[in-house]
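Residue numbers (UniProt numbering): 1 to 267.
Think of the CB as a built atom: it goes at the ideal place given N, C-alpha and C, for glycine as much as any other residue.
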């Protein structure tokens, strides 16, 4: 499996995303839109994972076994500690019914399907959400589901002579369909809008599109402008968007575009 060149700008963007989410949960009035840090993470993940797959596929060194083994070894040790710790603490402090619910969430978190479990329950901003210590594993579920599907799509595209064109078309098609689903489900099904991979994959595809178009040259002046605009969009997102707005959907394009511009400006 190929390794990518270190990108300090992506590390900085990741740090902003983490801080935004943490501040939102502890001081929501300070950063009402801090939860969009998750959307920024999706763009970063889409870019990085697509870059890794494209590099390996181009060198004919891609291995599904190696790819998924690396994902498991990177995520599961820390995840296991979190899940076991929750079970131990829950055994001491939770009532029977609450502990059963925790067990259900631990099970779904172990198999990266937390988003589907939470979809069937209350919303992310529901008043009872604070009773779910593993609530945030929904985003990990979305990412892992993307990691299952996306390598297969890319490898199928590589079977054709025009694989670059087919990959770009695949990115654009999935982006458009997923974004349309996100907009459609805003009013009809808030749970699906927030937790469904179908309404979230477009955010990861934004990063994937940047990865597939890295061959397009960007001069220094344009790069600086893109980076500045990206920073402005992210700043607006974390300060102006709040949980009362229908999210994701139309408005989610702001943090996604902001993160995309920053990544593309240094790519």
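Check the Cα spacing between residue 261 and each of 232, 144 and 76: the tightest is with 232. In the DSSP annotation of this structure, the continuous segment of the alpha helix (DSSP H) that includes residue 25 starts and ends at 8–26. In this chain, the alpha helix (DSSP H) harbouring residue 178 covers 163–188. Beta-carbon to beta-carbon, residue 207 and residue 46 are separated by about 3 Å, close enough to satisfy the 8 Å threshold. Taken in chain order, the whole alpha helix (DSSP H) runs of length 4 or more contained in the region 53–134 are 64–93, 96–110 and 114–119. Close CB contacts of residue 257 within its chain, under the 8 Å cut and outside five residues either way in sequence, are with 206, 230 and 233 (chain order). By the neighbour-count criterion, in which 16 or more other beta carbons inside 10 Å mark a residue as buried, residue 96 falls on the exposed side. Counting the other Cβ atoms within 10 Å of the Cβ of residue 43 gives 16 or more, which makes it buried. Around the CB of residue 226, 16 or more other CB atoms lie within 10 Å, so the residue is classed as buried.
A Cβ-Cβ contact shorter than 8 Å links residue 178 with residue 198. The C-beta distance from residue 20 to residue 30 rounds to 10 Å, too long to meet the 8 Å contact threshold.
Collapsing the DSSP output to three states places residue 143 in a helix. Taking a C-beta distance under 8 Å as the contact criterion, residue 211 and residue 54 qualify as a contact pair. With a 10 Å radius around the Cβ and a threshold of 16 neighbouring Cβ atoms, residue 69 comes out exposed. Residue 40 holds the alpha-carbon nearest to the alpha-carbon of residue 237 among 11, 6 and 40.
In this structure, residue 49 sits near residue 147, with a CB-CB distance shorter than 8 Å.
Considering only 151, 220 and 7, the residue with the shortest C-alpha distance to residue 56 is 151.
Measuring C-alpha to C-alpha distances from residue 194 to each of 173, 162 and 136 identifies 136 as the nearest. In terms of CA proximity to residue 168, 154 leads the group 154, 85, 59 and 66. The beta carbons of residue 184 and residue 145 sit about 20 Å from each other, so the pair does not count as a contact at 8 Å. Following the DSSP letters along the chain, one finds residue 243 in no alpha helix (DSSP H), marked with neither H nor E. Membership of residue 210 in the alpha helix (DSSP H) is indicated by the continuous run 201–212.
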